[in-house]
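Counting the sequence shown from 1 gives a position; the numbering used here is that position plus 68.
By construction, the Cβ of each residue, glycine as well, lies at the ideal position given by its N, Cα and C atoms.
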Amino acid sequence: MMQEIEKVLISEEALQKRIQELGMELARDYEGKTPVFVGVLKGVILFFGDMIRATPIRSQIDLMAVSSYGAGTESSGKIVLKKDVSLNLEGRHVIVLEDIIDTGLTLKFTVEHLKAMHPASLKICTLLDKPARRTVDISADYVGFTIPNEFVVGYGLDYNDYYRNLPFIGVLKPEVYEK
Ligand code: 5GP
């Protein structure tokens with residue numbers, strides 16, 4: 069698997085350090101509250117696990133899944149809900165955890181879906197932000213890393229569902245896409 073990686077963009081150490089910082093920031097901002105972390109599958113799984121452990125306050129978790137049609141490195145823009153949350157989010161403080169914001173379409177769909185449940189508040193925390201590619205006006209309240217316009221894999225992020233188990237964020241060699 070490592071032979072297919074062109075470069076490491078964010079090392080495992082840098083990821084873990086930043087997640088500890090974000091966790092402390094969230095713990096301060098949500099002190100005295102019991103937020104619900106809502107993760108958007110599948111890309112968020114590693115970030116989700118590390119983020120909830122890095123935030124030392126009482127919280128609950130839930131998961132939802134959305135998919136944008138189409139394989140490969142470009143999303144089609146048509147978002148479908150694949151799995152809904154199971155908790156009642158009415159009146160709750162919701163923190164949406166996302167792996168990456170690219171065009172922003174997935175996040176816009178997710179936020180609209182969750183806001184319809186009337187949470188007391190809703191904030192967005194994303195590990196990665198690619199602002200260069202944004203087509204809808206949406207931004208996160210907490211950002212791990214702002215990255216250039218490159219297709220990244222690892223730490224939950226995939227290419228055709230592979231590479232999610234890499235502990236770092238990396239860029240694939242171009243020939244991987246050409247196969
Ligand atoms: P958006 O709807 O913001 O365009 O895209 C969000 C989704 O597209 C992410 O949740 C992720 O699944 C996928 N995505 C966007 N950029 C990348 C990337 O650089 N690498 C990977 N592996 N997935 C990406």
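Cβ-based burial, residue i [other Cβ within 10 Å; buried from 16]
i	result
Met69	exposed
Met132	buried
Met119	buried
Glu166	buried
Tyr231	buried
Gly222	buried
Val204	exposed
Supposed contact pair residue j and residue i - C-beta distance, whole angstroms, cut 8 Å
i	j	result
Val134	Phe177	6 Å
Leu182	Leu155	Incorrect: roughly 11 Å between the Cβ atoms, too far for contact.
Backbone secondary structure at residue i - three-state DSSP
i	result
Tyr245	helix
Ala200	helix
Leu155	coil
Leu234	coil
Gly224	coil
Ile252	Past the boundaries of the shown model lies residue 252; the chain is included only from 69 to 247, so the question cannot be answered.
Gly145	coil
Asp229	coil
Met69	coil
Ala188	coil
At what residue ranges does the stretch 160-185 contain a whole run of the alpha helix (DSSP H), taking only runs of 4 or more? 173-183
Which runs of the beta strand (DSSP E) at least 3 residues long sit entirely within the stretch 71-128? Give them in chain order. 73-78, 104-109
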